[in-house]
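Just so we're aligned: the sequence shown equals residues 20 to 502 in this note's numbering.
To start, the structure itself, in structure tokens.
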Amino acid sequence: DHFRSNDYDLEQISFADGTVLGLQEIRNKSVADQKASGTVIGSREAEHYYHALGDGSYTITDYGLPTNAIDWLVLSDVNAGDVVFGQNWGQDLVITFGNGETITIVDHFRSNDYDLEQISFADGTVLGLQEIRNKSVADQKASGTVIGSREAEHYYHALGDGSYTITDYGLPTNAIDWLVLSDVNAGDVVFGQNWGQDLVITFGNGETITIVDHFRSNDYDLERISFADGTVFDVADIAARLWVGTEGDDTMVGQSGANTMHGNGGADSLFGGAGNDSLYGGAGDDTLNAGDGDTYSYGGTGNDHVYGSFGDDTMDGGDGYDTLDFTYSADDVAIDLYLESAVFSDGFTEQILNFEAVIAGAGHNTITGNADDNLLDGGDGNDTIAGGLGADTLTGGSGADVFVFSDDTLSADQVTDFDEAEDLLDISAWGAASFGDLTVSSVETSTLGIFDVDVSFGGNTLQLLNVSQADLQNLSGDDFVFS
20 DHFRSNDYDL
30 EQISFADGTV
40 LGLQEIRNKS
50 VADQKASGTV
60 IGSREAEHYY
70 HALGDGSYTI
80 TDYGLPTNAI
90 DWLVLSDVNA
100 GDVVFGQNWG
110 QDLVITFGNG
120 ETITIVDHFR
130 SNDYDLEQIS
140 FADGTVLGLQ
150 EIRNKSVADQ
160 KASGTVIGSR
170 EAEHYYHALG
180 DGSYTITDYG
190 LPTNAIDWLV
200 LSDVNAGDVV
210 FGQNWGQDLV
220 ITFGNGETIT
230 IVDHFRSNDY
240 DLERISFADG
250 TVFDVADIAA
260 RLWVGTEGDD
270 TMVGQSGANT
280 MHGNGGADSL
290 FGGAGNDSLY
300 GGAGDDTLNA
310 GDGDTYSYGG
320 TGNDHVYGSF
330 GDDTMDGGDG
340 YDTLDFTYSA
350 DDVAIDLYLE
360 SAVFSDGFTE
370 QILNFEAVIA
380 GAGHNTITGN
390 ADDNLLDGGD
400 GNDTIAGGLG
410 ADTLTGGSGA
420 DVFVFSDDTL
430 SADQVTDFDE
440 AEDLLDISAW
450 GAASFGDLTV
460 SSVETSTLGI
470 FDVDVSFGGN
480 TLQLLNVSQA
490 DLQNLSGDDF
500 VFS
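Structural data, given as structure tokens:
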């Protein structure tokens, strides 16, 4: 019990060489001699632990009580900028030196009974408890994983610090943990979720900070976030701003569960993931991908690109020239912009509102346009594409496609990839009886024998773009469907 109580200690030890050690010297020699074993056990008194490069790696377990004098680690030949502080399981402080040596302060972050109160360096720097915690956090960022302590933490981030995770073990009864964003305003970040548990903070430069288990337990949440413009968010503010975009170009990637995302301004990319999601693009040319589940997607203003998904969805392009994309599916789909529906052969039905363009997948699709100037792409497969009214651009892709033309004397539809050997031109609505009723003219558009071909009858006209000379020469009544 020498180190447990003054009632049991040995005050002095004398040696044959005349050396006499008092209480403090006995403690100092005990610490120094233990380093070689790799395990140093301190006493309840004030300890001074000395380390010089070359002393090796070891652990220190310090049993001092908070009421006792300060325990010091003295680094005699190391400057403050030459060591890295880390953590082990959120409890131990791990000090790593440039030569690879480490000192582990066991349970430093777990309890005030075990912490090391001060560390001094050769350059005169002295770090107290708060500075030790702050340096530990700052040094861990470079590794991509930051482990906080049970005390009040201040995590500092500036643009350019990179992406990393923060796991904070603070209990609800402890002081508040802060994330301080020194050069970012509140309107310049996006808050998201990962698997319904982690808070993901995304910055305009693409960096992310992930607060692990923020939404899972109060033991792990981040209580405050402060911004350069003076705004301070608490836990409720963070939840209210979840999946709300900035005025810039944001990317949001949801996971399982029901996500509601608002892109706001800029050209945003919103990915709902699995679950029943609601995506709102806002202003700008946005990309919306709902993922699996029953979803609602609204493009807002701008020329938006909206992907369909597996589920009974409602998709609304909003204002602008918007594109509906079904390339993810090889199913046969009947897409009708006039009736505002998409029906899959497996029974899924989607409501499609305010779209001007369609890109279909590899199935045998039927696509019908509306009165707008549509861009309709059937993709691979044997497709039937009807532009309807308006000056439409029709693309069949590979396969034997049928292009259907309405009786519209005010505008002409274009076919971009007519294949005379496979495709058909359905002009039955025109009233022509045979190929001889048609007027066919062509203009060579390149020296490679590529032509644009106009076919007209009764005020109606269609255009075939990029037609080869062989297809032009072989064009006949067999390529048409007449009334």
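Beta carbons are placed, not taken as given, at the ideal position from N, Cα and C, and that holds for glycine.
Remember, predicted model here, so these are calculated numbers, not experimental data.
Secondary structure note for glutamine 274: it is in no alpha helix (DSSP H), with a DSSP letter that is neither H nor E. Nearest C-alpha to isoleucine 354 among Thr387, Gly337, Gly336 and Ala381: Thr387. Annotation: asparagine 25 to glycine 211 spans about 57 Å, alpha carbon to alpha carbon. Comparing alpha carbon positions, the residue from Asn393, Leu484 and Asp456 closest to valine 462 is Leu484. For isoleucine 354, DSSP records a beta bridge to Ala361 and Ile386. The alpha helix (DSSP H) runs lying completely inside the segment 205 to 290 and spanning 4 residues or more are 254 to 259, given in chain order.
Closest in alpha carbon position to aspartate 202, among Ile220, Gly179, Gly380 and Ile195, is Gly179. Between aspartate 432 and glycine 406, the C-beta spacing is below 8 Å. Under the three-state reduction of DSSP, phenylalanine 329 is assigned to coil, being neither helix nor strand. In the structure shown, glycine 455 adopts helical secondary structure according to DSSP, grouped into three states. When the alpha-carbon of glutamine 106 is set against those of Lys160, Ala55 and Val145, the nearest one is in Lys160. Taking the C-beta atoms as reference points, threonine 320 is found no nearer than 8 Å to glycine 336. Assigned with DSSP and collapsed to three states, glycine 105 falls in strand.
Scanning the segment 173 to 203 for uninterrupted alpha helix (DSSP H) segments of 4 residues or longer gives nothing; none is fully contained. Comparing alpha-carbon positions, the option among Gly119, Val156 and Gly282 lying closest to glycine 300 turns out to be Gly282. In the DSSP assignment, glutamine 370 falls within the beta strand (DSSP E) that extends over 368 to 372. Residue state for asparagine 479 is assigned as strand, using DSSP reduced to three classes.
Across the structure, leucine 289 and tryptophan 262 are spaced so that their CA atoms are roughly 9 Å apart.
Under the DSSP definition of a beta bridge, leucine 429 lacks any partner. Nearest to threonine 265 by C-alpha distance, out of Asp52, Glu30 and Ile220, is Ile220. Closest in C-alpha terms to alanine 376, from the list Ile404, Gly366, Phe104 and His383, comes Ile404.
Boundaries for isoleucine 124: no alpha helix (DSSP H) harbours it, while the beta strand (DSSP E) harbouring it runs 121 to 124, taken from the DSSP string.
Secondary structure at aspartate 473: strand, using DSSP grouped into helix, strand and coil.
Distance between tryptophan 449 and alanine 419, taken at the CA atoms: about 22 Å. Of Asp305, Leu343, Phe363 and His324, the smallest CA-CA separation from glycine 330 is found for Phe363. Here glutamate 170 carries a coil assignment [DSSP, helix/strand/coil]. Looking from the CA of glycine 416, the closest CA among Ala440, Ala381, Leu429 and Arg46 belongs to Ala381. Here the segment 265 to 274 makes no contact with the segment 248 to 256; the two share fewer than three CB pairs at distances below 8 Å. One thing to note: lysine 154 has its Cβ within 8 Å of the Cβ of phenylalanine 104. For glutamine 43, the uninterrupted alpha helix (DSSP H) run begins and ends at 42 to 53, by DSSP.
The three-state reading of DSSP puts glutamate 150 in helix, counting H, G and I together. Following the DSSP letters along the chain, one finds leucine 491 inside the alpha helix (DSSP H) bounded by residues 488 to 493.
For isoleucine 228, the closest C-alpha among the options Ala258, Phe252 and Val165 is that of Val165. Counting along the chain, aspartate 111 sits inside the beta strand (DSSP E) bounded by residues 111 to 116. Relative to alanine 410, the option among Leu429, Asp402 and Gly61 whose CA is nearest is Leu429. Measuring C-alpha to C-alpha distances from leucine 29 to each of Ile45, Gly37, Ala35 and Thr38 identifies Ile45 as the nearest.
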